[in-house]
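Read the structure below first, then the notes.
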Amino acid sequence: MQYKLEKPVHGAIGTDKYQVTIEWRNGTFVADEPVRSGGKDSGPDPYTLLLSSLATCTLVTLRMYIERKGWDVPQITVNVNMFQSKKDEENITVFDRDIQFTGDLTLEQKDRLLEIAAACPVSKILEGNVKVRNFVMKEEDVEKQIKY
Numbered sequence: 032m033q034y035k036l037e038k039p040v041h042g043a044i045g046t047d048k049y050q051v052t053i054e055w056r057n058g059t060f061v062a063d064e065p066v067r068s069g070g071k072d073s074g075p076d077p078y079t080l081l082l083s084s085l086a087t088c089t090l091v092t093l094r095m096y097i098e099r100k101g102w103d104v105p106q107i108t109v110n111v112n113m114f115q116s117k118k119d120e121e122n123i124t125v126f127d128r129d130i131q132f133t134g135d136l137t138l139e140q141k142d143r144l145l146e147i148a149a150a151c152p153v154s155k156i157l158e159g160n161v162k163v164r165n166f167v168m169k170e171e172d173v174e175k176q177i178k179y
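Given below as structure tokens:
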């Protein structure tokens with residue numbers, strides 16, 4: 032098994048209510064909860080970050096495909112949202128992705144682009160068999176990435 036990222040995304044929270052500092056390979060940003068949840072809304076909340084991942088992956092995957100095909104599509108936009116429900120005590124999450132293209136595309140091209148969007152790597156992760164593993168790390172071993 033090999034991790035997707037050479038260096039993991041790092042998050043830290045102090046005593047400033049719900050404000051999280053996220054470090055990634057190229058910088059830092061703040062994530063937060065909305066005011067209605069007790070945060071300060073000083074950055075995107077976890078759901079927004081999840082949806083942003085799907086939106087970004089969708090757009091980049093579509094742009095790569097369109098460029099490879101040589102189609103004239105000046106702009107692609109996407110709106111992504113989600114809802115959750117319960118059915119027979121099972122949590123069900125549904126992601127809705129509304130995609131718009133500028134340029135002249137045939138119905139067949141649009142249908143193919145919907146297939147391509149569904150095949151973006153983040154879509155595959157969200158629709159796949161996902162497990163979240165948790166480890167407690169000793170403070171002195173955090174930089175070494177030793178897991179216990």
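Numbering of the sequence shown is given in our numbering, commencing with residue 32 and proceeding in unit increments.
C-beta: ideal position from N, C-alpha, C; glycine also.
Open item on the list: Let's see if you can read the secondary structure: which residues bound the alpha helix (DSSP H) around residue 128?
Closed with: No alpha helix (DSSP H) holds residue 128; the beta strand (DSSP E) holding it covers 121-132.
Open item on the list: Do residue 62 and residue 76 have their beta-carbon atoms positioned less than 8 Å apart in this structure?
Closed with: yes
- [ ] Taking residue 131 and residue 108 to be in contact with their CB atoms under 8 Å, please state how far apart those CB atoms are, rounded to whole angstroms.
- [x] 5 Å
- [ ] Within the same chain, show all residues whose beta-carbon is closer than 8 Å to that of residue 88, passing over the 5 residues directly before and after it, in chain order.
- [x] 151, 152, 153, 154
Task: residue 73, DSSP secondary structure in three states - done: coil
Open item on the list: Using C-beta distances below 6 Å, list every residue in its chain close to residue 51, excluding the 5 sequence neighbours before and after it, in chain order.
Closed with: 42, 44, 62
Open item on the list: Does the structure place the region 93-103 close enough to the region 143-150 that three or more beta carbon pairs sit under 8 Å?
Closed with: yes
Open item on the list: Suppose the cutoff is 7 Å on Cβ atoms and the five residues either side in sequence are ignored; what does the same chain contact list for residue 90 look like?
Closed with: 107, 109
Open item on the list: Let me check understanding here. Comparing Cα to Cα, which of 165, 133, 68, 125 lies closest to residue 48?
Closed with: 68
Open item on the list: Report the CB separation of residue 53 from residue 46 in whole angstroms; it is logged as a contact under 8 Å.
Closed with: Incorrect: roughly 17 Å between the Cβ atoms, too far for contact.
Open item on the list: So, under 8 Å CB-CB, residue 134 and residue 104 are touching, yes? Tell me the CB distance rounded to an integer number of Å.
Closed with: 4 Å
- [ ] Identify the continuous alpha helix (DSSP H) that holds residue 158 and give its terminal residues.
- [x] 152-158
TODO: With residue 141 as the anchor, note down where its alpha helix (DSSP H) starts and where it stops.
DONE: 138-149
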